[in-house]
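S.K.:
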Amino acid sequence: MHELSERYYSLSGILGPLIALVCIAAAIILSPWFSWGNNALSDLGHSVNSDVAPLFNFGLLLCGFLVIFYSLTSFKSHAKYTSYFLVTVGLTLQLVGTFDEVYGSLHFLVSVLFFVSLCFVSVSYIIEKRSVLAVAALIIGLASWILYGLDVYQTGIAVPEAISSIPVVVWVVLSAVRLFLGESKS
Numbered sequence: 795m796h797e798l799s800e801r802y803y804s805l806s807g808i809l810g811p812l813i814a815l816v817c818i819a820a821a822i823i824l825s826p827w828f829s830w831g832n833n834a835l836s837d838l839g840h841s842v843n844s845d846v847a848p849l850f851n852f853g854l855l856l857c858g859f860l861v862i863f864y865s866l867t868s869f870k871s872h873a874k875y876t877s878y879f880l881v882t883v884g885l886t887l888q889l890v891g892t893f894d895e896v897y898g899s900l901h902f903l904v905s906v907l908f909f910v911s912l913c914f915v916s917v918s919y920i921i922e923k924r925s926v927l928a929v930a931a932l933i934i935g936l937a938s939w940i941l942y943g944l945d946v947y948q949t950g951i952a953v954p955e956a957i958s959s960i961p962v963v964v965w966v967v968l969s970a971v972r973l974f975l976g977e978s979k980s
């Protein structure tokens, strides 16, 4: 791949997650009914019950597309095997935005697949690039779900959803920044 193109393609690995975070934050701000103590993030994307569903789901769909594009372009030359797992993350995120809570158990299934794919992509990046950030993302993500499952803390499922996603976003965005700057070290 042409080096200049690869640099600019890496911007999709920055923009995708940032667009999702902005859309999610805006959806939360515009939804006074949303509570970290009672809700799932996906409640914001419920196409019947949420006025901000188009914004929330659009953010997930666009982020998924840009992450897939990043995975198949500049990231693939950086971390070939992890790029396949990152495609899965992008695809399952798009499925979460497409099959919102109106779809019931189908939404639950694609949501579980998304969060499981976050673990697999981190494991792959740990193995392939010896990434300390991916180790931290995996530990934080697993701990958030285990502690939630054991009722160690009482909160809405949005909390472990956010806690398990944000560390992965950090290492993905940093990988894209490094590729954009011409660095290959992870």
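FYI, in our numbering the residues of the sequence shown are 795 to 980. Built from N, CA and C at the ideal position, the CB exists for glycine as well.
1) Mind checking Ala-834: buried by the 16 CB within 10 Å criterion, or exposed?
2) Less than 8 Å separating the beta-carbons of Leu-809 and Leu-866?
3) Is the number of C-beta pairs between the region 870 to 889 and the region 940 to 947 that are closer than 8 Å three or more?
4) Assign Asp-837 to one of two classes, buried (16 or more other C-beta atoms within 10 Å of its C-beta) or exposed (fewer than that).
5) Give every residue of the same chain whose Cβ lies closer than 8 Å to the Cβ of Glu-800, excluding the five residues on either side of it in the sequence, and list them in chain order.
6) Using a Cβ-Cβ cutoff of less than 7 Å, which residues in the same chain neighbour Ser-969 once the five nearest sequence positions on both sides are dropped?
7) When you compare the CB positions of Ala-952 and Trp-830, do they come within less than 8 Å of one another, or not?
8) Can you give me the start and stop residues for the alpha helix (DSSP H) that Val-896 sits inside?
9) Quick one: is Ile-920 buried, meaning 16 or more other Cβ sit within 10 Å of its Cβ, or exposed?
10) Please work out which residues of its chain come closer than 6 Å, Cβ to Cβ, to Glu-895, disregarding the five sequence neighbours upstream and downstream, and give them in chain order.
11) Here's the rule I'm using: 16 or more other beta-carbon atoms within 10 Å means buried, otherwise exposed. How should Leu-855 be labelled?
12) Considering just the uninterrupted stretch of the alpha helix (DSSP H) at Glu-977, what are its terminal residues?
M.R.: The short version:
1) Start at 1 with the first residue of the sequence shown, and residue 834 comes out as number 40. Ala-834 comes out buried.
2) What you label residue 809 is simply residue 15 of the sequence shown in a count that begins at 1. What you label residue 866 is simply residue 72 of the sequence shown in a count that begins at 1. For Leu-809 and Leu-866, no; Cβs fall outside 8 Å.
3) no
4) Position 43 of the sequence shown, counted from the start, is the residue given in the question as residue 837. Flag for Asp-837 reads buried.
5) Here residue 800 refers to the residue found at position 6 of the sequence shown. Taken in chain order, the residues that qualify are Thr-867, Ser-868, Ser-871 and Leu-973.
6) Against the sequence shown, residue 969 aligns to sequence position 175. Within the same chain, Ser-969 has close Cβ partners Gly-807, Phe-869, His-872 and Ser-980.
7) Taking the first residue of the sequence shown as 1, we reach residue 952 at position 158. Taking the first residue of the sequence shown as 1, we reach residue 830 at position 36. For Ala-952 and Trp-830, yes; Cβs fall inside 8 Å.
8) In the sequence shown, residue 896 corresponds to position 102, counting from 1. First-last for Val-896: undefined, no H or E at that position.
9) Start at 1 with the first residue of the sequence shown, and residue 920 comes out as number 126. Within a 10 Å sphere around the beta-carbon of Ile-920 sit 16 or more other beta-carbons, which makes this residue buried.
10) The count along the sequence shown starts at 1 and reaches residue 895 at position 101. Cβ within range, chain order: Ser-836, His-840 and His-901.
11) The count along the sequence shown starts at 1 and reaches residue 855 at position 61. With 16 or more other Cβ atoms within 10 Å, it is buried.
12) Along the sequence shown, read from residue 1 onward, the residue named residue 977 stands at position 183. No alpha helix (DSSP H) contains Glu-977, which DSSP labels as neither H nor E.
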